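Novice: Residue numbers for the sequence shown follow this note's numbering, so the first one is 14 and each next one is one higher.
Mind having a look at this structure? Questions to follow.
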Amino acid sequence: MTRDTVFAVGGTVQERERWSDTFKGRVAWLDDDQLDAASSASLVVEISLGPLTDKRRRLRELANRRVKRIVSAASTATVHAQRIWMDESVPILGLDPLLVMAGGRTQTVSGSDDMLPWLHDLWPDWAFRRVDDTVGLIFSREILPIINEAAAFFEQGLTARDIDQGVRLGLNYPRGPIQWAEHFGWPAVYWGLRALEDMYGPRFRPHPWIRREVGSSLVEREE
């Protein structure tokens, strides 16, 4: 592997495509049966949102392979929780995966300031702002309830075009909620809402239409 290669793990095919578009340099995506390739790597990016049992297992396996640093999607599990999963053996920084996939020029980060140079190596054109280590961070906590509400209107018969246009005009967003959801992938939306529900209560419960959209096979893998 060259110096510019980024090892990355986890995520759906769609999520991997979105993250790949943001990296500078080559990305080597590893499936779970390929993690030995990341042994002693200086940095690995872990992008999965759920199920958390899978994310926890994957992080522990990376720690067992003596990975030196990890940048992780941290909207469904705090960085503090992820450190505990790895017995605090690996330094870790958290990013909001939806904001990454949205291509935000200023990213929110949970972790210590002395770790921020790692991110500038991966994304030299972006700025980074450290925020409190909370489920949902900021962007996910803002956009996911809007998508959830849009799903209710969509099920009632409003068109995706009308919903998206109304939200774009009303909130001055570059995309409407259905467009955002299809950009991120509905599984990312589902797991993000599930984490917010667990932390903040039933007002964030994924709408039944979203549960049907991601499919019973995914929902049945909840913890």
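Backbone N, C-alpha and C fix where the C-beta goes; we use that ideal spot for every residue, glycine too.
Keep in mind it's a predicted model, so treat the numbers as computed, not measured.
1) Between Asp146 and Ser125, how many whole angstroms is the CB-CB distance? I'm expecting something under 8 Å.
2) Buried or exposed: Val26, going by 16 or more other Cβ atoms within 10 Å of its Cβ?
3) What is the DSSP secondary structure of Ile159, reduced to helix, strand or coil?
4) Please list, in chain order, all residues of the same chain as Gly189 whose beta carbon is under 7 Å from its beta carbon, the five residues on each side excluded.
5) Inspect the CB distances between the stretch 166-174 and the stretch 86-94 and report whether three or more fall short of 8 Å.
6) Can you tell me whether DSSP reads Thr121 as helix, strand or coil?
7) Could you tell me whether the stretch 51-58 touches the stretch 93-101, where touching means 3 or more Cβ pairs closer than 8 Å?
8) Does the distance from the CB of Gly23 to the CB of Arg82 come in under 8 Å?
9) Give me the Cβ distance between Ala41 and Val58, rounded to the nearest whole Å; I'm assuming they're in contact under 8 Å.
10) How many Å lie between Phe36 and Leu135 at the Cα?
11) Please report the straight-line C-alpha distance between Val80 and Lys68, rounded to a whole angstrom.
12) Return the CA-CA distance between Ala208 and Leu62, expressed in angstroms with no decimal places.
13) Look at the alpha carbon of Glu155 and the alpha carbon of Leu75, and state the distance between them as a whole number of angstroms.
14) Counting only runs of 4+ residues fully inside the stretch 21-48, write out the alpha helix (DSSP H) ranges in chain order.
15) Inspect the beta-carbon positions of Leu111 and Phe197 and report whether they are closer than 8 Å.
16) Quick check on Pro130 - is its C-beta less than 8 Å from some C-beta in chain B?
17) For Ala21 and Ile60, I'd like the C-alpha separation in whole angstroms.
18) When DSSP builds the beta bridges, which residues end up paired with Leu106?
19) What number of angstroms, rounded off, separates the C-alpha of Arg224 from the C-alpha of Glu28?
Specialist: So, from the listed chains and residues:
1) Incorrect: roughly 10 Å between the Cβ atoms, too far for contact.
2) exposed
3) helix
4) Ile176, Asp177, Gln178, Val180 and Arg181
5) no
6) strand
7) no
8) no
9) At roughly 10 Å, the Cβ-Cβ gap does not stay under 8 Å, so Ala41 and Val58 are not in contact.
10) 6 Å
11) 15 Å
12) 9 Å
13) 31 Å
14) 26-33
15) yes
16) Looking for chain B here will not work: only one protein chain is present.
17) 7 Å
18) Val84
19) 18 Å
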